[in-house]
Structures are given as structure tokens and as C-alpha cells.
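Scroll down for the structure; my scribbles are underneath it.
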Amino acid sequence: METKEFGLHDIVEMKKQHPCGTNAWKIIRMGADIRIKCQGCGHSVMIPRRDFGKKMKKILEKARQE
Ligand SMILES: [Zn+2]
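Here it is in C-alpha cells:
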């Protein structure tokens, strides 16, 4: 089963890729809203946490939680 547990600094793939052609986003802020930053162009967007769970496809890279 696919885990949807995400954390700060994880790199995630969204169901819709960014218009710049990249589909890798880094979680840069966690809260009621999640802020993610496109790894291709540096653009960042804010998504309400409950929408984020639906819009995210998978975690590409887990950040080290140390
Ligand atoms: Zn982009």
C-alpha cells in the first residue's frame, strides 16, 4: 500500500504537473496550509492541508527527520 504520510522537506509528485514541465515539489511549510515549491522553476504555491492529500500523487523522496 502506498503511504501518503508526508512531512516537511519531502519531495512530492502532484497529480497535475506544474506548467514548467516539472513534477517534483518540495514541502517548505506545514500548517493548516501546506506550501510547496516547484523544483524546476522555484515557484511556490499554498494548498489547504485537506486538498493537498487529494492532489498529491506520491512521495518521491522522504526528507530525513533528524
Ligand atoms: Zn515549475
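Residue numbers (numbering that gives the first Met the number 0): 0 to 65.
Beta carbons are placed, not taken as given, at the ideal position from N, Cα and C, and that holds for glycine.
Excluding five sequence neighbours on each side, which residues of the same chain lie with their C-beta closer than 7 Å to the C-beta of residue i?
{"i": "LEU59", "result": "ILE10, VAL11, GLU12 and ALA23"}
{"i": "HIS8", "result": "LYS25, ILE26 and ALA62"}
Among residues of its own chain, excluding the 5 on either side of residue i, which ones have a beta-carbon nearer than 6 Å to its beta-carbon?
{"i": "MET0", "result": "Note on MET0: pLDDT 44, under 50, position unreliable in the model; no value is reported."}
So, under 8 Å CB-CB, residue i and residue j are touching, yes? Tell me the CB distance rounded to an integer number of Å.
{"i": "ASP51", "j": "ILE33", "result": "The question names Asp, yet the displayed sequence has Phe at residue 51. With a Cβ gap of about 5 Å, PHE51 and ILE33 count as contacting."}
{"i": "LYS14", "j": "LYS54", "result": "6 Å"}
Give every residue of the same chain whose Cβ lies closer than 8 Å to the Cβ of residue i, excluding the five residues on either side of it in the sequence, and list them in chain order.
{"i": "SER43", "result": "ILE27, ARG34, ILE35, LYS36 and CYS37"}
{"i": "GLN16", "result": "ASN22"}
Is the separation between the beta-carbon of residue i and that of residue j shorter than 7 Å?
{"i": "GLY6", "j": "CYS19", "result": "no"}
{"i": "ARG48", "j": "ALA31", "result": "yes"}
(request) Under 6 Å from any heavy atom of ligand 1, by CB: list those residues in chain order, please. (result) HIS17, CYS19, THR21, CYS37, GLY39, CYS40 and HIS42
(request) Could I get the ranges of all uninterrupted beta strand (DSSP E) runs contained in the segment 13-46, with 3 residues as the minimum, in chain order? (result) 24-28 and 32-37
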